[in-house]
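Residue numbers (our numbering): 100 to 202. For glycine and all other residues, C-beta sits at the position ideal for the given N, C-alpha and C. These figures come from a predicted structure and were not determined experimentally. Okay, structure first, notes after.
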């Protein structure tokens with residue numbers, strides 16, 4: 100069963116970068132999940148889908164996969180350009196502003 104190695108993206112609820120520095124090895128689901136008709140719980144017989152291993156570097160994850168004979172696909176994440184303008188809130192009140200500050 101193939102696995103994928105990736106770096107998780109930051110959560111949509113935060114602008115911080117917590118839990119995005121490590122690399123994760125995660126197995127791809129081998130079969131679809133089923134919904135229990137009585138309770139409505141979602142279940143699967145695929146126990147490998149529960150395995151999620153964290154590594155400090157991509158190389159460490161690749162070494163682990165190679166040592167254990169795991170077929171892996173590495174997914175590099177797209178690097179986003181920061182959307183930070185120079186200056187900050189204090190620049191609105193600077194004495195050397197180019198434009199006139201109005202309410």
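Proximal residues to residue i (C-beta, below 6 angstroms), its chain only, five neighbours per side dropped
| i | result |
| --- | --- |
| residue 164 | 171 |
| residue 141 | 132 and 134 |
| residue 154 | 122 and 160 |
Nearest candidate by alpha-carbon position, reference residue i, set the options
| i | options | result |
| --- | --- | --- |
| residue 157 | 125, 195, 190 and 110 | 125 |
| residue 173 | 152, 161 and 179 | 161 |
| residue 107 | 146, 145, 152 and 137 | 152 |
C-alpha distance - residue i paired with residue j, whole-angstrom precision
| i | j | result |
| --- | --- | --- |
| residue 196 | residue 186 | 11 angstroms |
| residue 102 | residue 109 | 21 angstroms |
| residue 115 | residue 150 | 26 angstroms |
| residue 148 | residue 128 | 5 angstroms |
| residue 190 | residue 119 | 31 angstroms |
| residue 188 | residue 175 | 34 angstroms |
Secondary structure of residue i, DSSP reduced to three states
| i | result |
| --- | --- |
| residue 110 | coil |
Identity of the residues DSSP links to residue i by a beta bridge
| i | result |
| --- | --- |
| residue 124 | 104 and 152 |
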